[in-house]
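One line per chain: the protein sequences are A and B, in this order. Residue numbers for the first sequence, in this note's numbering: 539 to 1115. Residue numbers for the second sequence, in this note's numbering: 56 to 236. Glycine is no exception: its CB is placed at the ideal position from the N, C-alpha and C atoms.
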Amino acid sequence: MISQEKKQKISDWWELRTGYRQLHALFFHEPILGGSSYAYVFGHVLLFVVIFQAMTGILLALFYSPSTSAAWASVAYIQDKVTLGWFIRGLHSNGASAAMIVVAMHMVQTAIYGAYRKPREVNWMLGVILLVLILAFAQTGYLLPWDQTGYWSTGIVIGLIESVPLFGDSLKEAVQGGNTYGNLTLTRFFAIHVLILPVLFVAVLLGHIALTRKHRTTPPSWKSPEKLARLAEPFWPSQVFKNMVAIAFTFILIVAATWMKHGIELYAPADPASFFDARPEWYFRPLFQVLKYVDGIWEVIVSLLLPLAVIAILFATPFLDHNVEKSLRARWKILTVFMMGLVAFVGLLVVSFYDDRVNESFQRRMQIAEKQADDARKFAYTYGVPDAGGVSVFTLDPLYEGKQIWRKHCKSCHVGTERQGPEIIMGYNSRAWIRDFLLRPNHDRFFGLTSIKGMDPVEMNEHSLESVIEFIYRETGAHDVNDKLATMGERYFDDENCSNCHSRDWETEGEEGPNLGKRGSVEMLIEFIMNPSHPRWFGEKNEMPTNDLSLKETKAVVHYLMSLQHPEDSFHHHGDR
Amino acid sequence: MSETKMTRRGAMKVISGLLGLGVAAISGVPFLRFLLFPVGVKTVDSGKGFVDIAASTMVSRNAKPVYTEIIVPRVRDAWNTKTNVLLGGTWLVRNNRGALSAFSSVCPHLGCSIQRNKESVNDSVTFFCPCHSSAFSRNGERLSGPSPRGLDLLPVIEKNGRILVQWSNTVSSVNENDQAS
Ligand code: HEM
Ligand code: FES
């Protein structure tokens, strides 16, 4: 143990050179009027979250690469390859959410305590600047992964900026770095996010904290001065203790949320040619929601003026409320405005999420988007992302060539409302598809849009139907066939008139209906696509044009068609893009 | 009274410290593991296979050394897979018994590019390094200069009339081989 005397000497040495005792006293021994309280923890929790963000942010920056070709790939690498990368990335994102919540609580507390009033006006105003900076952090960070959601929702914000009267165009070009979205957008957002904002933030924060030390914590106005003096306590250790409890609690929440949800989503790489339902982070949802209710000139006014108005009101708060009386009752007007603002924020937030939840087509599109994201990440994980980066990851898809050919030569007639032939989408030639076909062959999904009308709906009991389906399913060469059932189906097929019109031997030609031998198998599909009016199938009734695909191309597209049969194997699809 | 107050204050100090330590430890472990991820990981992988670089007929017995680039079909560099990547060069030499050697063009001294000696001031100097003037013989032995050893050899094979080499950053040197034999 160091002796008391020695301690004193060391302390004196340092005091002479740094004068640290004054600082120490200022931060640890200043009395808090009315005593320590959990009401005062929010600023400190916020300080913790901000430092935590800086640490996780620096870690991410060790792997992140800001360019349109590398951004998504590097984030996918963090997410799926780097040890605990998904966790660190999740912490950084959830930490931002936590900062938003704690900032709101911090503001509510300081507002209720009247801590914006004389002489703390400047402190409050510095706080509002910090709020703006925090929002800017979130906005710039969201784009950095260059995934679908960041790309499309930042696009909306840039659109808003463009709508600024007079110099909107120049402002847009300054923000996005040139005439359109690209590499310069990312380098800009990255520099703002990791260099410019942190410098500004630290500078303002130092002022903010220094002023809280100068003015000390605002005590509750509802206690008498005598009582406040009597209950006064120094900051250390009782307030520190409460702060630490709150910090540990916040930390556990961030860690638990991140761990249990396995980090956060990474969507597919930004794809300018796709349709993506852009949704901002939850804390920007209220503004997003408001914009749904207005259009035309009002959209511009609301989107630009509403945030400005909110910031302006916050900024001016110390001057809007200059009543000498400090009690809550005397300040009811401004507190009511705050309350209403908060209620509106939460209300819009809830409505926005509710709207999405009940919007079925949105949900369906999200499912496709998630599947795409899944595929993109698996390809990137397995093969690495090609130099071109971003969406080129899909070229690694074993089905890529087939899908491209499908899109160019086949899709317009087989998918969508402008179809001219039977619908061919996920589930084509699955058992469910065969069943539906047998029960209503003339429905729009099948031959309804063609002039082939020869077949009547199949009428048989469920058991026979099931076995016939299995038989037809077996012809496709599927790997999961119930052979016994299929053989039974074959018998029903012959007994129940099906065979009046259809052969099932692959050889016979020119019958009423197409020959069903090997129907839906690789071999049959290749031959059919190369020669759709072959007499083995539709002969003269055929309406599908012959195309000039090579054998190799035909094989590729058939490979894709076969993949539709088993929608469960998600690795091979990324939906109908 | 004052004594119990002392212990209460003491407890608050200790618990504050413990909470701080707990937060630091729980975040510190994943932070460190994330930070140290690249240690021991092959972040850049150009594959282990041999790369086809030239036709065997390009290098004849006792002829001048031939320089060829080594272009690897596929290199995985962290998140990227790059195709046809130029990794480096090699000097090919065939001796009078027909045996083929492939020398890495990277100087064993500090990594400049080895060049062929065109001036032939001294007949025995076939290769030299322009940076600090290390000189090497046709067999890759060090003749003079600061290089610590002879030229580095790349594994080479000939198959179906083609020359294939294996690129690697850890190379064996001529001199070491000589000493071993
Ligand atoms: C965004 C990051 C922010 C951080 C890291 C932060 C941090 C802090 C800290 C550490 C304190 C000292 C608390 C105490 O000792 O009692 C404090 C006090 C204060 N903050 Fe913030 N703050 C932030 C944002 C804001 C915002 C957005 C506002 C309001 C618009 C605000 C208004 C205040 C006020 C008025 C005080 C004095 C509290 C009092 O007198 O009791 N701060 N802040
Ligand atoms: S690098 Fe070749 S001699 Fe120094």
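| query | result |
| --- | --- |
| 7 Å Cβ cut-off: residues of chain A touching Ile81(B) | Val793 |
| Val740(A) at chain B interface by Cβ criterion, 8 Å | no |
| Rounded C-alpha distance that separates His1001(A) from Met1026(A) | 10 Å |
| is_contact[Ile169(B), chain A] using C-beta, thresh 8 Å | no |
| CB-CB length for Leu804(A) against Pro85(B), believed under 8 Å | Not really, about 18 Å apart at Cβ, beyond 8 Å. |
| Cβ-based contacts, 7 Å cut-off: residues of the region 87-99 of chain B near chain A | Arg88, Phe89, Leu90 and Phe92 |
| The ligand FES heavy atom lying under 7 Å from the CB of Leu165(B) | yes |
| Proximal chain A residues relative to Trp146(B), where beta-carbon distance stays under 9 Å | Chain A residues near Trp146(B): none, gap ~29 Å exceeds 9 Å. |
| heavy atom of the ligand HEM below 7 Å from Met645(A) C-beta | yes |
| Per-residue burial, Met1062(A) [other beta carbons within 10 Å of its own, 16 or more giving buried] | buried |
| C-alpha gap between Glu1078(A) and Asn967(A), whole angstroms | 24 Å |
| Through-space distance from Leu564(A) to Asn766(A), alpha-carbon basis | Residue identity check: residue 766(A) is Leu in the sequence provided, not Asn. Going by the C-alpha atoms only, they are around 19 Å apart. |
| Near-chain B residues of the region 610-623 of chain A (beta-carbon distance less than 7 Å), N- to C-terminal order | Ala611, Ser612, Ala614, Tyr615, Val620, Thr621, Leu622 and Gly623 |
| beta-carbon Val737(A) near the ligand HEM non-hydrogen atom, thresh 7 Å | no |
| Check: Ser160(B) C-beta below 7 Å from any heavy atom of the ligand FES | no |
| Distance CB(Ser776(A))-CB(Met67(B)) smaller than 8 Å | yes |
| Residues in the region 922-941 of chain A having any Cβ partner in chain B nearer than 9 Å | Gly922, Val923, Pro924, Asp925, Gly927 and Leu934 |
| is_contact[Lys137(B), chain D] using C-beta, thresh 8 Å | Here the protein chains are A and B, and chain D is not one of them. |
| Local conformation of Ala599(A) per DSSP, three classes | helix |
| The region 945-965 of chain A contacting the region 631-641 of chain A, beta-carbon criterion three pairs below 8 Å | no |
| Environment of Asp685(A) [buried if 16+ CB atoms lie within 10 Å] | buried |
| Contact under 8 Å by Cβ, His1097(A) with Leu934(A) | no |
| Endpoints, the beta strand (DSSP E) within which Phe917(A) is located | Element bounds for Phe917(A): not the beta strand (DSSP E) but the alpha helix (DSSP H), Glu898 to Tyr921. |
| Coil, strand or helix - Trp146(B) by DSSP | strand |
| Residue environment, Phe773(A), which counts as buried when at least 16 other CB atoms sit within 10 Å | buried |
| For Ala914(A) and Pro807(A), believed in contact at Cβ under 8 Å, the rounded distance | 6 Å |
| Presumed contact (8 Å Cβ cut-off) between Ile126(B) and Gly144(B), rounded CB distance | Actually they are not in contact, since the Cβ atoms of Ile126(B) and Gly144(B) sit about 10 Å apart, beyond 8 Å. |
| Closer than 7 Å: Ser189(B) CB and nearest the ligand FES heavy atom | yes |
| Contact set for Leu147(B): own chain, Cβ-Cβ below 6 Å, skip 5 residues either direction | Val114, Val121 and Ala157 |
| Partner residues on chain A for Lys214(B), Cβ-Cβ distance less than 8 Å | Here the premise fails: no neighbours, minimum Cβ distance about 27 Å. |
| Stretch-stretch touch, CB-based, cutoff 8 Å, three pairs: the region 670-687 of chain A with the region 745-755 of chain A | no |
| Any chain A beta carbon closer than 8 Å to Gly75(B) | yes |
| Cβ contact check for the region 612-627 of chain A and the region 658-665 of chain A: 3 or more pairs under 8 Å | no |
| Counted within 10 angstroms of its Cβ, other Cβ atoms place Pro763(A) as buried (16 or more) or exposed | exposed |
| Leu1054(A): first and last residue of the uninterrupted beta strand (DSSP E) it sits in | That residue, Leu1054(A), is in no beta strand (DSSP E); it is neither H nor E in DSSP. |
| Leu1089(A) versus Met1100(A), Phe1066(A) and Asn1080(A), residue with shortest Cα-Cα distance | Phe1066(A) |
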